[in-house]
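Only one structure is covered here, and it is reproduced in the block below.
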Amino acid sequence: MQHRIAIPSRYRLDAQDSELYYIADWLPINEANSAFQSLREEITWEQGEVFIFGKHHLTPRLQSWHGEPDAVYAYSNKMLLPKPWTPSLLNLKRKLEDLGIFTNSVLANLYRDGNDKMGWHRDNEKELGPQPVIASLSFGGQRDFVLRHRLTKQRICIPLENGSLFVMAGQTQHFWEHCLPRRARCHHERINLTYRTIIMGNPEEFV
1 MQHRIAIPSR YRLDAQDSEL YYIADWLPIN EANSAFQSLR EEITWEQGEV FIFGKHHLTP
61 RLQSWHGEPD AVYAYSNKML LPKPWTPSLL NLKRKLEDLG IFTNSVLANL YRDGNDKMGW
121 HRDNEKELGP QPVIASLSFG GQRDFVLRHR LTKQRICIPL ENGSLFVMAG QTQHFWEHCL
181 PRRARCHHER INLTYRTIIM GNPEEFV
């Protein structure tokens, strides 16, 4: 599905080989705080495992995968079967649709403190399509989000604030990796929602 993102150009970041948008105050602070509490309670958070270099490792964060019944997601050698939408997840999904961002699934991450992290990776799984649109919502404690160009090694660091919206689209996943590094001085919980579209059927057809 081709997305026409209706975000004003003033929010677009100036970075080569990318289509990136950041709105720090996408949600008012009271609405963001309310969403954090609702998401914390509505979602059943689990600590998963990843299989790397022949070994199983616990993920350094809690997660939950939600979406349409057929939105099955495979990454890091594991298969995620979607749980039903919660009221808050569905409400935020509809808000994104006002910006022309239509999705059928969301990966929810709970970072319990600054020791929880996400390593370097790209959201380039075949079921996401050749130019995926990833809409990232942040609630709770502020954390740094770092992008790194695969060829030039240029880095961009964005402090993702409570109630913010960050969007990656176009060729971003081809040229940029991203991570959420450990921050020992951070003692606040953070919830991150990454809305995306899983292409139903045989993903080979879309590559």
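For the sequence shown, UniProt numbering begins at 1 and goes up steadily by one. Think of the CB as a built atom: it goes at the ideal place given N, C-alpha and C, for glycine as much as any other residue. Small disclaimer: the values here were computed from a predicted structure and weren't measured.
Throw me the rounded Cβ distance for the Gly140 and Ile191 pair, which I believe falls under 8 Å. So it is a contact: roughly 6 Å between Cβ atoms.
Quick check on Lys117: does DSSP put it in helix, strand or coil? In the three-state scheme derived from DSSP, where H, G and I count as helix and E and B as strand, Lys117 is classed as coil.
Given a cut-off of 9 Å, decide if Arg196 and Leu128 are closer than it, judged by their beta-carbon atoms. Contact: yes.
What first and last residue would you give for the beta strand (DSSP E) that runs through Ala135? Note, Ala135: beta strand (DSSP E), 134-140.
Could you check what DSSP says for Ser88 in three-state terms: helix, strand or coil? It is helical.
Is residue 213 helix, strand or coil when you go by DSSP? Limits of the chain in this structure are 1 at one end and 207 at the other, which puts residue 213 out of reach.
Which ranges would you report for the alpha helix (DSSP H) in the stretch 169-203 if only whole runs of at least 4 residues count? At a cut-off of 4 residues, the continuous stretches assigned as alpha helix (DSSP H) that sit fully inside the stretch 169-203 are 172-175.
Could you have a look at Val207 and say whether DSSP puts it in helix, strand or coil? Caution is warranted here: a pLDDT of 36 is assigned to Val207, below 50, making its placement in the model unreliable, and the coordinate value is therefore given only provisionally. Val207: coil per DSSP, three-state reduction.
Is the beta carbon of Gln63 sitting closer than 9 Å to the one on Trp85? Against a cut-off of 9 Å, the Cβ pair of Trp85 and Gln63 comes out as no contact.
Once DSSP output is grouped into helix, strand and coil, what is the label at Ala74? Ala74: strand per DSSP, three-state reduction.
Going by the beta-carbon positions, is the gap between Arg143 and Leu180 smaller than 9 Å? Going by C-beta atoms, Arg143 is nearer than 9 Å to Leu180.
Tell me which same chain residues have a C-beta within less than 6 Å of the C-beta of Met200, skipping the five on either side of it? Within the same chain, Cβ atoms closer than 6 Å to the Cβ of Met200 are found at Asp70, the five residues on either side in sequence being excluded.
Hey, quick one: how far does the beta strand (DSSP E) through Lys55 stretch, first residue to last? Residues 55-58.
Could you check where the beta strand (DSSP E) with Pro159 kicks off and where it finishes? For Pro159, the uninterrupted beta strand (DSSP E) run begins and ends at 155-160, by DSSP.
Tell me whether Pro8 is buried or exposed, calling it buried when 16 or more other Cβ atoms sit within 10 Å of its Cβ. Counting of Cβ neighbours within 10 angstroms places Pro8 among the exposed residues, the total staying below 16.
I need the straight-line Cα distance from Ser18 to Glu177, nearest angstrom please. Ser18 and Glu177 have their C-alpha atoms spaced approximately 11 Å apart.
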